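Protein chains: 2
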Amino acid sequence: MSYDKHAFEPFAVAVDLAVFTVRDGALRVLLIRRGEEPHAGRWALPGGFLRPAESAEDAAARELAEKTGVPPEGCHLEQLRTYSAPGRDPRMRVVSVAYTALVPDPPEPRAGTDAAEARWVDWPVGESLAFDHDAILADAHERVGAKLEYTGLATAFCPPVFTLGELQAVYETVWGTALDRPNFRRKVLATPGFVAAVGGEPRRTGGRGKPAALYRAGGAVALHPPLLRP
Amino acid sequence: MSYDKHAFEPFAVAVDLAVFTVRDGALRVLLIRRGEEPHAGRWALPGGFLRPAESAEDAAARELAEKTGVPPEGCHLEQLRTYSAPGRDPRMRVVSVAYTALVPDPPEPRAGTDAAEARWVDWPVGESLAFDHDAILADAHERVGAKLEYTGLATAFCPPVFTLGELQAVYETVWGTALDRPNFRRKVLATPGFVAAVGGEPRRTGGRGKPAALYRAGGAVALHPPLLRP
DNA sequence: CCTTTTATAGTCACTCTGACCATTGAAAGG
DNA sequence: CCTTTCAATGGTCAGAGTGACTATAAAAGG
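Residue numbers (full-length UniProt numbering), protein chains in the order written: chain A, 1 to 230; chain V, 1 to 230.
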């Protein structure tokens, strides 16, 4: 870096969170309704400013815990990209580091001091969001869909123990396409490290149909071969 | 975002550039030798602070043009990620948005006012870089290697018109592995939009061996099917 | 008991891939 | 001039992976 002999301007640095979950076969995103100007009354992504001794990762984890009540260990949190257009906030110059989070079982969100309301909203969101949050959310969704292909990320949407049907529902919900069940099963089980069978062969019953075998995340970060979209 | 009712600290915001090129079968990265403290005399990534009315993308394009003399249209420039650890700069709190750039034919770099020296250095760099630039550079290299698999990015390393041998050399150089020439050819030509044959069937002669047919970038951003690493 | 529903097993044709071998066309060297 | 060398190009072949599809198993609900 070349700070020397160059002036620099101070900026406000914030984090914005695109928090996704899958519930009842629908993809949902956590939004807050803004209580103050600008954009009062409109939906926006949760977020907040960095504190003096805090990295953007720390701030994102803190905001996630504050807004959802989910501990940072229980969910996937990943930097998306940084948005820095000069006019993106009408009040002042704000550079925002956006994060994508995936949570398995969504508790009811908490409205913070700054938000009139916090809620899980079905994707795609009907109305347009505050600031440039439409673009951030679209980028986040695209990233999640792409990462399902070549990483084991889909298990982050699932509880610790899940069935292959639940895992398939994650793919179908995020991608918005139906998948062939036997073929999905074959690919997942043929990919080393994607899922691991739960010992003792317990099965989930209670619903309709034949009881399903249970699996947990296999710990693999990259899928070989990848599970490509149709 | 939830600025309201929260204090916020001012930060300095900078961009750092990981500029790669392929020359003589070697992957090279553009580095500057720092002229001032901290880390005076050590290699670092080129970069600089955002100006008041400038986005990070604008600042990265400006720095790239200043340091390399390459016009922004002629090369690939893409945001990598943002580094914001509190102690990453000993002088003050600096949040840096890192960019990866790929340039085809490297002109001699210009030493800026802040750099004692600017040079193309072979990858991997022997000595450790200033600040957290080792981590940034490693992340950039990993990203470039991954993007070669599923995007047509490799053509960004090549001149406007190139041979399949040159394209293959890009893959081999970035990945550090040898590829089978007939198979590489088959896959590239079978991937729609990756490359387009130059009309009139001209061929490049002058070197050893049979003259090679010429191609230009096909304009495809995503490769279907992808060209996976061995 | 019979139907519905979901999980699981298996088949088959087609494509893609990696590992090869063969040929072509130019330059280099005697 | 002829031979060698070298890279580009064309082709083969077996095995893995995939999509489409059929069949069976095990539960719930009437």
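Backbone N, C-alpha and C define an ideal beta-carbon position, used for all residues, glycine too. Being a predicted model, the structure only gives us computed values, none of them experimental.
Alpha-carbon spacing of ARG229 (chain A) relative to GLU108 (chain V), whole angstroms: Whole-angstrom Cα-Cα distance: 43 Å.
Contact with chain V by THR100 (chain A), beta-carbon distance below 8 Å: Chain V contact via Cβ: absent.
Of the residues A:LEU223, A:ARG208, A:PRO10, A:HIS141, the one placed nearest ALA98 (chain A), counting alpha carbons only: The shortest Cα separation from ALA98 (chain A) among A:LEU223, A:ARG208, A:PRO10, A:HIS141 belongs to A:HIS141.
Residue-chain proximity (THR82 (chain V), chain A), Cβ-Cβ < 8 Å: Closer than 8 Å to some Cβ of chain A, the Cβ of THR82 (chain V) qualifies, so yes.
Where HIS133 (chain V) sits in the DSSP three-state scheme: Taken through DSSP and simplified to helix, strand or coil, HIS133 (chain V) comes out as helix.
Distance between GLU36 (chain V) and TRP146 (chain A) (C-alpha atoms, nearest Å): One point to set straight first is that residue 146 (chain A) is Ala, not Trp, in the sequence displayed. A direct Cα-to-Cα measurement between ALA146 (chain A) and GLU36 (chain V) gives close to 43 Å.
Contacts of ALA85 (chain V) in chain A (Cβ-Cβ under 7 Å): Contacts between ALA85 (chain V) and chain A, judged by CB atoms closer than 7 Å, involve SER55 in chain order.
8 Å Cβ cutoff met for THR68 (chain A) and LEU31 (chain A): No, they are not a contact pair.
According to DSSP, residues forming a beta bridge with SER96 (chain A): Under DSSP, SER96 (chain A) shares a beta bridge with A:ALA14, A:TYR83.
At least three beta-carbon pairs within less than 8 Å, the region 201-214 of chain A to the region 42-52 of chain V: The region 201-214 of chain A vs the region 42-52 of chain V: no contact.
Range of the contiguous alpha helix (DSSP H) that encloses ARG186 (chain V): Counting along the chain, ARG186 (chain V) sits inside the alpha helix (DSSP H) bounded by residues 181-190.
Proximal residues to PRO159 (chain A) (C-beta, below 7 Å), its chain only, five neighbours per side dropped: Taken in chain order, the residues that qualify are PRO104, ASP105.
Contact belief for TYR171 (chain A) with ALA222 (chain A) at Cβ below 8 Å, rounded distance in angstroms: Not really, about 17 Å apart at Cβ, beyond 8 Å.
CB contact check: LEU227 (chain A) to chain V, cutoff 8 Å: Chain V contact via Cβ: absent.
CA-to-CA distance, LEU189 (chain V) to GLY199 (chain V), given in whole angstroms: Looking at the two C-alpha atoms, the distance is approximately 15 Å.
Cβ-based burial, GLY206 (chain V) [other Cβ within 10 Å; buried from 16]: By the 10 Å Cβ count, GLY206 (chain V) comes out exposed.
C-beta neighbour in chain V for ALA138 (chain A), strict 8 Å: No, ALA138 (chain A) lies away from the interface with chain V (no Cβ there is under 8 Å from its Cβ).
Test: PRO52 (chain A) CB closer than 8 Å to a CB of chain V: Taking Cβ atoms only, chain V reaches closer than 8 Å to PRO52 (chain A), which makes this a yes.
Residue burial classification, VAL15 (chain A) (beta-carbon count within 10 angstroms, cutoff 16): Result: buried.
Cβ neighbour criterion (16 or more within 10 Å) applied to SER84 (chain V): Buried, since its Cβ has 16 or more Cβ neighbours within 10 Å.
Assigned exposure category for ARG181 (chain A) - 16 Cβ within 10 Å defines buried: Flag for ARG181 (chain A) reads exposed.
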